[in-house]
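**Student:** Take a look at this one; I'll ask things after.
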Amino acid sequence: MFHVKHSNDTAPLTIHRVRSMLVAAGIGVSDLQVEALTRHGNSVLLANNTINLTAVIEPEDFVRLHIIDSLLPLGMVEKALGAALDMGTGAGYPGIPWAIGGVSMVLCEATKKKAALLEQWAQEIPVKAEVVSMRAEEYAQVARGRFDTVVARAVSALPSLLELSSPLLRVGGRLVAMKGNPSVDEIAHAEHAAGVLGMSATGMMEYALPGGGEKRTLCVYEKVEEPSIRLPRRSGLAQRRPFGG
Ligand code: SAM
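As structure tokens, then:
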């Protein structure tokens with residue numbers, strides 16, 4: 000396997016490259032924010048040598064598929080995001096770029112090793128973001144109704160995301176699911192699940208990533224009422240046996 004080895008002088012992502020790609024994508028960021036996004040990206044690539052975080056290691060692809068992909072939805076969602084949770088944040092996408100962009104973020108990650116890295120990176124970057132090292136179902140037991148926004152990228156199918164996010168959201172809060180190209184079946188199953196979970200679809204925005212043209216869909220659901228069933232169910236069930244199928 001190709002390994003990324005670098006000191007700060009030979010890091011694969013340069014501030015110049017990240018800034019010029021963000022500008023070309025129409026994303027406005029300050030110098031400090033570009034530096035922070037670059038530092039995080041290089042930390043991910045370095046850690047990727049020892050823990051499997053991403054298959055994307057070519058610098059331009061990395062900037063497009065992780066950094067730009069994370070930041071584009073920020074310009075697409077209406078209303079303030081308020082207190083936001085990145086559910087299944089992995090190496091911190093989209094949560095760390097959102098935090099660097101000024102969103103009040105909690106990063107929830109089930110894998111302990113990844114959560115430990117996120118803690119370290121949040122201090123090193125530095126960026127203000129709370130890291131929660133547990134499954135979303137466990138966190139929902141102690142953070143019920145705490146969030147205005149739950150975002151998830153590349154975590155699970157929509158019905159599972161709806162179930163995991165519902166207890167964490169306040170009524171009126173939103174799930175922002177960052178999807179590739181969800182199937183008609185996935186959307187229909189989500190529609191069925193949403194009814195039981197107190198959620199309702201408010202927007203499906205299709206767009207393409209600048210540079211590569213990869214298809215993306217931002218699926219937004221609002222929590223309109225408390226669910227008709229008791230949530231969270233036992234850990235793992237939302238993803239193994241989702242409602243709506
Ligand atoms: N969101 C990141 C991204 O787009 O790069 C990571 C995507 S990775 C494919 C999915 C992550 O979600 C993994 O790190 C996994 O440990 C985490 N995850 C899956 N189910 C979870 C759950 N129920 N609660 C918290 N984290 C979860």
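Residues 0 to 244, numbered by numbering that gives the first Met the number 0, are exactly what the sequence shown covers, in order. Yeah, the Cβ is synthetic: ideal placement off N, Cα and C, and Gly gets one too. Note that this is a predicted model, so its numbers are computed, not measured.
Going by DSSP in three states, Ala-237 sits in which element: helix, strand or coil?
**Tutor:** helix
**Student:** Is the distance from the Cβ of Val-219 to the Cβ of Val-76 below 8 angstroms?
**Tutor:** Contact: yes.
**Student:** Closest by CA to Ala-207, which one among Arg-18, Ile-14, Ala-24, Val-17?
**Tutor:** Ala-24
**Student:** Quick check: what's the CA-CA separation for Leu-230 versus Val-223?
**Tutor:** 15 angstroms
**Student:** When DSSP labels each residue in this structure, what does Met-20 get in the three-state scheme?
**Tutor:** helix
**Student:** Applying the criterion that 16 or more other CB atoms from any shown protein chain within 10 Å of the CB defines a buried residue, is Thr-13 buried or exposed?
**Tutor:** Classification for Thr-13: exposed.
**Student:** Counting only the same chain and skipping the five closest in sequence on each side, list residues whose C-beta sits under 6 angstroms from that of Ala-98.
**Tutor:** Met-104, Val-126, Ala-128
**Student:** With ligand 1 as the reference, list in chain order each residue whose Cβ lies under 5 angstroms from any of its heavy atoms.
**Tutor:** Gly-87, Gly-89, Tyr-92, Ala-109, Thr-110, Arg-134, Ala-135, Arg-152, Ala-153, Val-154
**Student:** Among Ile-50, Ile-124, Ala-153, which has the Cα closest to the Cα of Asp-68?
**Tutor:** For the residues Ile-50, Ile-124, Ala-153, the minimum Cα distance to Asp-68 belongs to Ala-153.
**Student:** What three-state label does DSSP hand Ser-199 in the structure shown?
**Tutor:** strand
**Student:** Report yes if the C-beta distance between Glu-185 and Ala-156 is below 8 angstroms; otherwise report no.
**Tutor:** yes
**Student:** Hey, out of Asn-41, Ala-176, Asn-47, Leu-31, whose CA is closest to Ala-83's CA?
**Tutor:** Ala-176
**Student:** Roughly how many whole angstroms lie between the Cα atoms of Ile-26 and Val-33?
**Tutor:** Per the coordinates, the alpha-carbon of Ile-26 lies some 11 angstroms from the alpha-carbon of Val-33.
**Student:** Is it buried or exposed, His-39, if we count other Cβ atoms within 10 angstroms and call 16 or more buried?
**Tutor:** buried
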